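> Taken in order, these protein sequences are the chains called A and B.
For what it's worth, this note's numbering labels the leading residue of the first sequence as 1, then goes sequentially.
For what it's worth, this note's numbering labels the leading residue of the second sequence as 1, then goes sequentially.
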Amino acid sequence: MQLVTPAIGLVFWMLVTFSLLLFILKKFAWKPILESIRNREQTIEDSLSLAEKTKSEMIRLQGENESLLAEARKERDLLLKEAREMRDKIVGDAKATADEEAKKLMNRAQDEIEKQKSAAIAEIKREVSVLSVQIAEKLMHQQLENNAAQQTIIENQLSQLN
Amino acid sequence: MVATAILSTFSIVSAFSSHANDAGAETHVNPEAGHSAVHDEHAKPEKYDPGKMIIDHIADAHDWHLWGEGHDAVSISLPVIIYTKSQGLVNFSSARFEHGHAAYEGFELNEKGVIVWEDKANTEVIYDISITKNVLAMMLAVITLMLIAIGMANTYAKRAGKAPKGIHNLIEPLILFIRDDVAKASIGHKADKYLPLLLSVFFFIFVNNIFGLIPIFPGGANVTGNIAVTMVLALVIFLTVNLNGNKYYWKHIFLPDVPVWMYVIIIPIEVLGVVLKPFVLMLRLFANITAGHIIILGFFSLIFIFGSMSQGLGYAVSPLSVAFTVFMGLLELLVAFLQAFVFTLLSAIYIGMAVEEHHH
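1. Given that TYR127(B) touches chain E, what residues does it touch there, using C-beta distances under 9 Å?
2. Determine the direct distance from the alpha carbon of LYS104(A) to that of ILE113(A), and round the result to whole angstroms.
3. Could you tell me which of THR230(B), SER75(B) and LEU109(B) sits nearest to ASP63(B), measuring between CA atoms?
4. Going straight from the alpha carbon of GLN87(B) to that of ASN208(B), what length do you get?
5. Grouping DSSP H, G and I as helix and E and B as strand, with all else coil, what is ILE81(B)?
6. Are the Cβ atoms of MET146(B) and ILE33(A) separated by less than 8 Å?
7. Would you mind telling me which residues of chain A sit closer than 7 Å to VAL232(B), beta carbon to beta carbon, in chain order?
8. Can you list, in chain order, the stretches of the beta strand (DSSP E) that have 3 or more residues and sit fully within the region 7-67 of chain A?
9. Just the C-alpha distance for ASN154(B) and ILE175(B), rounded to the nearest angstrom, thanks.
10. Give the residues of chain B in contact with THR43(A), contact being defined as C-beta atoms less than 7 Å apart.
11. Give the straight-line distance between the Cα atoms of GLU82(A) and GLN42(A), rounded to the nearest whole angstrom.
12. Mind listing, in chain order, the continuous beta strand (DSSP E) runs of no fewer than 3 residues lying wholly within the region 124-170 of chain B?
13. For ASN91(B), does the three-state DSSP call read helix, strand or coil?
14. Between which two residues does the beta strand (DSSP E) holding PHE361(B) run?
15. Determine, using beta carbons only, whether PRO278(B) and ILE237(B) come nearer to each other than 8 Å.
16. So if I threshold CB-CB distances at 8 Å, which residues from the region 27-38 of chain A count as touching chain B?
17. Whose C-beta lies closer than 6 Å to the C-beta of MET231(B) among residues of the same chain, with five residues either side of it excluded?
18. Starting from LEU50(A), find everything on chain B with Cβ-Cβ shorter than 9 Å and list it in chain order.
19. In this structure, does DSSP put GLU32(B) in helix, strand or coil?
20. Consider the Cβ of ILE59(A): report whether some Cβ of chain B lies at a distance smaller than 8 Å.
21. Put TYR255(B) into one of helix, strand or coil per three-state DSSP.
22. Reducing DSSP to helix, strand and coil, say where HIS99(B) ends up.
23. Excluding the 5 residues preceding and the 5 following ALA191(B) in the sequence, name in chain order all residues of the same chain whose CB lies nearer than 6 Å to its CB.
24. Less than 8 Å between CB atoms is the rule here; does VAL241(B) satisfy it with respect to chain A?
25. Excluding the five sequence neighbours on either side, which residues of its own chain have a C-beta within less than 7 Å of the C-beta of VAL11(A), listed in chain order?
26. How should SER347(B) be labelled, buried or exposed, when 16 other C-beta atoms within 10 angstroms of its C-beta is the threshold for buried?
27. In its own chain, which residues sit with a C-beta less than 6 Å from the C-beta of TYR248(B), not counting the 5 before and 5 after it?
28. Could you spell out the range, first to last residue, of the alpha helix (DSSP H) harbouring ILE289(B)?
29. Between which two residues does the beta strand (DSSP E) harbouring LEU66(B) extend?
30. Taking buried to mean at least 16 other C-beta atoms within 10 Å of its own C-beta, is THR344(B) buried or exposed?
31. Strictly below 7 Å CB to CB, what residues from chain B border ARG40(A)?
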């Protein structure tokens, strides 16, 4: 019976002690502790979300870099291609010009040759006619009796020269 | 109050030293025989009474028994503070009672250790607000708790945002456990308001339970296994629940959602429930902790019960007894936490039921 009868003294001291405990701990312990725990949790959460954000930012930047790089590569390829084309074109043009020039030169040379040839031929014809006259003169001088026959022979010879 | 407290402290120290001297002197005189009748009674070997020993250990006392038996006992005499209408506030050391063998200023200790009038015919009520063993043990536990908790708060303020260190690593999970799994789980978004109370209740019970398991001073007192202590704790919860109960709480009690003719049965049950909930809180903690102490002491008693039959038997039983006691001690460590947790959890649930918002 003694065990289950609350003693008035202990009830009194318990009330006093527990009230004090409640007041002091609430004010000086639980509030600051809970506050710091909450702050710490907030800090951790913030840091984590910041890290997450940084990570996604990094990934974004990396992607951007890659696309930039790809673009640059494409640009470079394009430039190279263009340069190659340009070179080919220039070389082609040069070749064409040279060909044309060569052809022109060739033509001119041919013309000149032709002209020279015809001039030479005319010259020769003239020479030949002079020579022929001289030959004829000589022949006439030597063989005057057979004039007609001689004339025929000379004319035949001349026509063969044409 | 302050003056009394200072006086009490002084009287603890002086009582202890004077008593220690007494005990020393006594041991010197003892072998030379020639004692008073009272002493002779103690000199002959007393038959071992485990029931009395156990009750002595779990009950409150006006002195803190340390070691030794009978006249060789060494104990700390605690201050006695008594209020009576006729004599007002009286304050003296419990050493004056000489363990119930002497009366002082008209008061004496009865065989149960309760202060009564020396004059048995006097029926005036005695208000005994002495600093007893349980009061002192409770205060020491509370001071320890305050030092740890306030120290923790200061350290946290200094090391803001950093991880906890040392003993705080042990306490913080408990705080978080009470906050997240007890308060928030049971009360919801209003938990923050009741959290300091729940934390204080939890740690008060936990620390006192642990102190109760330490066999020597300043532990060993059966504070949380004392009905007065658990009664005050339950009272605090009772007041918190009923002073914070909202209209839904009271409606549930006095206008429950049942047919009107059933009110005759339901309302008395609900009203009884309001009182019964804290009452059960009080009993559960008291019974669990007291039972734990009784079992441990019981196992120890086995040594002396068998020892009183034959000395050899006593020695033979002791290893078994010690093994059982160690096992019980470990179990009690679990119970120390468990009962603190259960008390706090049920308190939180009762508060949660009282402040819960219903949306019908």
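Idealized CB from N, CA, C, for every residue including glycine.
The model shown is predicted, which means the values in this text are computed figures rather than measured ones.
Reading off the structure:
1. The structure shown has no chain E; the protein chains it does contain are A and B.
2. 14 Å
3. SER75(B)
4. 35 Å
5. strand
6. no
7. VAL11, MET14, LEU15 and PHE18
8. none
9. 16 Å
10. GLY161
11. 58 Å
12. none
13. strand
14. No statement about residue 361(B) is possible, as the shown extent of chain B runs from 1 to 360 and does not include it.
15. yes
16. PHE28, ALA29, TRP30, LYS31, PRO32, ILE33, LEU34, SER36 and ILE37
17. MET282
18. Ordered by position in chain B, no residue passes the 9 Å Cβ test against LEU50(A), which lies about 14 Å from the chain.
19. For GLU32(B), the pLDDT reaches just 38, beneath the cut-off of 50, and the residue's location in the model is therefore unreliable, leaving the point undetermined.
20. no
21. The displayed chain sequence assigns Leu, not Tyr, to residue 255(B). Coil, per DSSP.
22. coil
23. ALA183 and LYS184
24. no
25. none
26. buried
27. HIS358
28. 263-309
29. 63-67
30. buried
31. GLY161
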